[in-house]
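The block underneath contains the structure these notes are about, expressed in structure tokens.
Numbering (the working numbering), first residue to last: -15 to 327.
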């Protein structure tokens, strides 16, 4: 197993069978050490902070795993106004954030005519900041307009690179081909592009995870978002078990070896699954953390899964506590845009 880990770290192409062996386990500490070494070689011990703003929990989709799916009638829906979004950015900037992430469901109310002025305002008021959007599937023209308005990055999780598995996670109205097409359009338009997947989602197999790693290596995104599947009681998968912490950490390390310069978050879902989940993610190769800048009432209602970690950074004390926790792992939260470092 160590030999396979070394081959991956050295950029040697592995067979599907070899990737499967790496996914299924063995030499976990050695894998972690190799991933950490690669991460330090490219990014040092810096951890980039992104200010997450959850601008809407309306969504027109009915993904079987998601707590804000259109079919969940128990969700208390909300939309942040442009003024509220800018106020979140203002507060975040004072706290030291230099990247903002606007995330939301696929809300038809957030048209280009609504979003583009918001993007332009953020980039005009805080020109030294990067802006990431995570707003789902849109048309190529929409992506173009948002890019021209000033958006720097776009995160769109592919969820699974296995077509059959995709069909088990999504309603028939959603298209695997369209999801992949959107990702390639984002790259073509010059975004720093992010993809990603859930670990332990219903029906996921080792073969499906091999396809995820293959896709990530071929697509070469600047960002990859990986987190454990966590069930929400008001979804068709509400009674399914959560994804494995150990496997999630293992896949973080494997992605770091596959793409040494990738921006790799230690997600909120990891912190929900385990009290020190985000710190463990950092130790397995992650280099990004996204504290929540959303208003408290928004954080309470943006529940993609049950028992979501709900600690925001809207007060300086919360950010200081996060910095202290990172320092205990030997890493340092930094004030920086934290851009992807190209070869």
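Where a beta carbon is used, it is the ideal one built from N, C-alpha and C, also for glycine.
Predicted model only: the values in this text are computed from it and were never measured.
Residue 163 sits close to residue 121, with the two beta carbons spaced by under 9 Å. The beta carbon of residue 229 is closer than 6 Å to those of 257, 258 in its chain, skipping five residues each way along the sequence. The alpha-carbon separation between residue 303 and residue 135 amounts to approximately 25 Å.
Scanning its chain for C-beta atoms nearer than 8 Å, with the 5 sequence neighbours on each side dropped, one finds around residue 239 the residues 197, 200, 208, 210, 246, 248, 269, in chain order. For residue 7, no beta strand (DSSP E) run applies; the uninterrupted alpha helix (DSSP H) run containing it begins and ends at 0 to 8, by DSSP.
Per DSSP, the unbroken alpha helix (DSSP H) holding residue 164 starts and ends at 160 to 172. Here residue 142 is buried: its Cβ has 16 or more other Cβ atoms, across all protein chains shown, within 10 Å.
Annotated three-state conformation of residue 179 is strand, per DSSP. With a cutoff of 9 Å on beta-carbon distance, residue 36 and residue 87 are scored as near each other.
For the pair residue 12 and residue 234, the CB atoms are nearer than the 9 Å cut-off. A direct Cα-to-Cα measurement between residue 147 and residue 9 gives close to 25 Å. When the alpha-carbon of residue 174 is set against those of 191, 183, 138, 145, the nearest one is in 138. Residue 207 is bridged by DSSP to 178, 247. Taking the CA atoms as reference points, residue 48 sits about 30 Å from residue 271. Rounded to the nearest angstrom, the Cβ distance from residue 41 to residue 155 is 18 Å, too far for a contact under 8 Å.
The Cβ-Cβ distance between residue 144 and residue 63 does not fall below 9 Å. Around the beta carbon of residue 225, a 10 Å sphere encloses fewer than 16 other beta carbons of the protein chains shown; the residue is thus reported as exposed.
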